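One structure is given below, encoded as structure tokens.
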């Protein structure tokens with residue numbers, strides 16, 4: 001296991017996806033996953049506190065809307081956790097950081113901004129252009 005200094009940031013001057021970079025992104029993904037799971041636990045605790053006890057219909061509607069919004073947010077977080085787990089699996093199998101489409105390096109800046117990225121910026125742009133052309137309007 002590699003120990004990283006607290007101020008370590010991957011750099012282009014290093015070999016791409018060396019052990020230190022992989023460990024950096026592994027820790028980043030695990031931290032992100034932990035935050036999402038903690039928030040999900042908080043939401044579950046909040047929702048299990050009981051029913052809606054608002055007498056006023058407007059207040060009741062507001063509470064129900066807030067709960068529905070929270071559940072949609074948790075569903076997006078659940079999907080994100082799956083993507084994080086897939087990124088962690090790519091770290092383990094050695095494919096993390098490389099574009100699924102071209103096999104080229106994704107780029108440290110892109111991975112820093114979106115550590116679950118599976119496509120290089122160019123491949124992602126091509127994908128989005130293709131979706132725009134063929135989407136159902």
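Residue numbers (the UniProt record's numbering): 1 to 137. All C-beta atoms, glycine included, are put in the ideal place defined by N, C-alpha and C. Since this is a predicted model, take the numbers as computed values, not measurements.
What number of angstroms, rounded off, separates the C-alpha of residue 71 from the C-alpha of residue 100? Between the C-alpha atoms of residue 71 and residue 100 there is a straight-line separation of about 31 Å.
Name the DSSP beta bridge partners of residue 105, please? For residue 105, which the question treats as bridged, DSSP gives the partners 98.
What are the boundary residues of the alpha helix (DSSP H) that residue 7 is part of? In this chain, residue 7 is not harboured by any alpha helix (DSSP H), its DSSP state being neither H nor E.
If we call anything under 9 Å between Cβ atoms a contact, is residue 88 one with residue 37? It is not a contact, given that the beta carbons lie outside the stated cut-off.
Please go through the same chain and pick out, in chain order, the residues whose beta-carbon is closer than 7 Å to the beta-carbon of residue 118, but skip the five residues on each side of it. Only residues of its own chain outside the window of five on either side were considered, and among them 100 have a CB closer than 7 Å to the CB of residue 118, listed in chain order.
Classification of residue 1 by the beta-carbon crowding that lies within 10 angstroms, buried from 16 upward: Counting Cβ neighbours within 10 Å, residue 1 comes out exposed, since fewer than 16 surround it.
Just to confirm my understanding: we take residue 17, look at its own chain, exclude 5 residues before and 5 after, and list those with CB closer than 6 Å. What are they? In chain order, 97 place their CB closer than 6 Å to the CB of residue 17, counting only its own chain and leaving out the 5 sequence neighbours on each side.
May I have the straight-line CA-CA distance separating residue 111 from residue 94, to the nearest angstrom? Straight-line Cα distance between these residues: approximately 15 Å.
Taking Cβ positions, are residue 22 and residue 84 nearer each other than 9 Å? Not a contact, by the Cβ cut-off of 9 Å.
Using a threshold of 9 Å, state whether the C-beta atoms of residue 33 and residue 81 are closer than that. Contact: yes.
To the nearest angstrom, report how far apart residue 130 and residue 43 are at their CA atoms. Rounded to whole angstroms, residue 130 and residue 43 show a C-alpha spacing of 37 Å.
Expressed to the nearest angstrom, what Euclidean distance is found between the alpha-carbon atoms of residue 41 and residue 79? Answer to the nearest angstrom: the Cα atoms are 15 Å apart.
Closest residue to residue 103 among 86, 128, 123 (Cα-Cα distance): Checking every option, the nearest Cα to that of residue 103 belongs to 123.
Per-residue DSSP class, three states only, for residue 114: For residue 114, the secondary structure class from DSSP, reduced to helix, strand or coil, is coil.
Hey, how far is the Cα of residue 182 from the Cα of residue 60? Within the shown structure, residues of the chain are numbered from 1 to 137, placing residue 182 beyond reach of any answer.
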